[in-house]
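Enquirer:
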Amino acid sequence: MGGEVPIILELMIAGVAQNSVYYEHYLVNALKAATERPF
Numbered sequence: 030m031g032g033e034v035p036i037i038l039e040l041m042i043a044g045v046a047q048n049s050v051y052y053e054h055y056l057v058n059a060l061k062a063a064t065e066r067p068f
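The opening residue of the sequence shown carries number 30 in the working numbering; numbering runs sequentially from there.
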């Protein structure tokens, strides 16, 4: 299981471990950037 963990999952764990409010703000910005990015 080396490097098999998605970066998003790591961000989620780090966010939960840190400030939830800051993580929620970061998550909203990340989702907004992802939805604005054309595929």
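Glycine residues also receive a C-beta, built at the ideal position from the N, C-alpha and C atoms.
None of these values were measured; they are calculated from a predicted model.
For Glu39, which three-state DSSP category applies?
Expert: Glu39 carries a helical assignment under DSSP once its states are collapsed to helix, strand and coil.
Enquirer: Checking 8 Å against the spacing of the C-beta atoms, do Val45 and Tyr52 come in under that value?
Expert: yes
Enquirer: Leaving out the 5 sequence neighbours to the left and right, which residues in its chain are closer than 7 Å to Leu60 when beta-carbon positions are compared?
Expert: none
Enquirer: In the structure shown, what three-state DSSP assignment does Glu53 receive?
Expert: helix
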